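Report on the structure given below.
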Amino acid sequence: MKKWVKHNKIFLTGTLLALIFPIILNFVLFSGTSRFAFGNGNTWLNFWGSYSGSLISAAVAYFIASSQVKNVKKQMDRQLEDDLLRDKFNRTIDQLPALISLEEELTNAVNGMLLAESNRDFLLKEFKDLTEEESYQIKYNEKYFRETNLKYIDKVERTDLQVEIMEDLRFYDRFRSAISMEVPDYKELETLYSKLNSVNDMDEKLLIQHHILRLETEKDHLKSLKKDIWEQFFDNEILEKTQNTLSKLEEEIHTTKKLIDKPDINLLRELLANN
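In this text, residue positions in the sequence shown follow the working numbering: the first is -14, and each later residue adds one.
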């Protein structure tokens, strides 16, 4: 009742004023003392009849119009919901090939990281004198990353899943690239240092020093790159994060296949609410 009164406050106020106004007018003009009062009791009785009839007609018209507007709004809302559900259904179905391709790529990433971590642990266990720092510099063979599969990410309906897949695959690409590099022993540096001590010509000395500096910088950069990527891998628990993303992706694939096999309106509404 309170809700109805709140939504019809203007109508109720107008009705109340319309009812009170003739009463006030009657007391002011039809009191028998006012020279501005016209007509007798029958005249005012007829006025009241036509006036109240007009009010009732206006009220009925108002409620009919209000009801029609509400019904039209409900129909439009229902139509909009149906259109959204239909669009959501089509886009959800269309994403299945992309999901399967990304699942394959993410599985390769997980397996690649598991293999690299396992190989590193094996080397640390077998070679007792091998330090953590040295283990970062070893070359580990990794699976090839197909960057072309990243184009499928835009097909994924869930934005949060899109972001997670992108982050995980991008990291794996950098991880794979870094740990697959082999840090050269740079025997050339030993030769250059020996040569530097035996050369007297200043111009030639400068050239050798420049060459040594370039090789040392390259070596330090490569070692730092490999160390940093391994530290990110462990500190940010990348393997566990990627496995979690893969689980979410597999769940999305299962839901999509379920919709294809048996479209469910409630499941569609749930998907629409989550996105």
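From the three backbone atoms N, C-alpha and C, an ideal C-beta is built for every residue, glycine too. Remember, it's a predicted structure, so these values are computed and weren't measured experimentally.
Short Cβ contact (8 Å threshold) for residue i with residue j
| i | j | result |
| --- | --- | --- |
| Met98 | Lys124 | no |
| Tyr178 | Ile197 | yes |
| Lys140 | Ala83 | yes |
| Leu224 | Glu102 | yes |
| Leu146 | Leu234 | yes |
| Val168 | Gln217 | no |
| Leu244 | Phe74 | yes |
| Ile138 | Leu87 | yes |
Between the CA atoms of residue j and residue i - distance to the nearest angstrom
| i | j | result |
| --- | --- | --- |
| Ser183 | His195 | 16 Å |
| Ser209 | Ala163 | 10 Å |
| Arg63 | Lys226 | 40 Å |
| Ala94 | Asp79 | 24 Å |
| Arg199 | Asp170 | 15 Å |
| Asp67 | Ala44 | 34 Å |
| Gln228 | Ser120 | 24 Å |
| Lys204 | Asn251 | 59 Å |
| Leu100 | Leu70 | 43 Å |
| Glu175 | Met187 | 20 Å |
| Leu108 | Asp114 | 10 Å |
| Ile41 | Ser51 | 15 Å |
| Val54 | Leu65 | 16 Å |
| Glu132 | Asn185 | 52 Å |
| Leu222 | Phe156 | According to the sequence displayed, residue 222 carries Glu and not Leu. Taking the straight line joining both Cα atoms gives about 12 Å. |
| Ser39 | Ile49 | 15 Å |
| Lys59 | Glu89 | 45 Å |
| Asp72 | Asp106 | 49 Å |
| Lys180 | Ser232 | 58 Å |
Simplified DSSP assignment, three categories, for residue i
| i | result |
| --- | --- |
| Ile64 | Checking the sequence shown, residue 64 turns out to be Gln, not Ile. Here Gln64 sits in helix by DSSP. |
| Glu119 | helix |
| Asp186 | coil |
| Thr18 | The predicted position of Thr18 is uncertain, since its pLDDT is 48 and thus under 50; a value taken from the coordinates is nonetheless stated next. Correct three-state label for Thr18: coil. |
| Glu142 | coil |
| Glu201 | helix |
| Asp114 | coil |
| Val54 | helix |
| Ser103 | helix |
| Gln228 | helix |
| Gln80 | coil |
| Tyr157 | helix |
| Lys211 | helix |
| Lys233 | helix |
| Ser179 | helix |
| Asp72 | helix |
| Ser165 | coil |
| Glu222 | coil |
Contacts around residue i, its chain only, beta-carbon distance under 7 Å, and the 5 residues preceding and following it disregarded
| i | result |
| --- | --- |
| Asn104 | Tyr125 |
| His239 | none |
| Thr230 | Leu91, Glu149, Ile150 and Asp153 |
| Glu237 | Leu84, Arg143 and Leu146 |
Same chain, Cβ closer than 8 Å to residue i, neighbours up to 5 away in sequence not counted
| i | result |
| --- | --- |
| Thr241 | Thr77, Ile78, Gln80, Leu81 and Leu84 |
| Lys136 | none |
| Phe219 | none |
| Ile214 | Arg159, Phe160, Ala163 and Ile164 |
Same chain, Cβ closer than 6 Å to residue i, five either side skipped, listed in chain order
| i | result |
| --- | --- |
| Lys212 | Tyr121 |
| Lys190 | Val184 |
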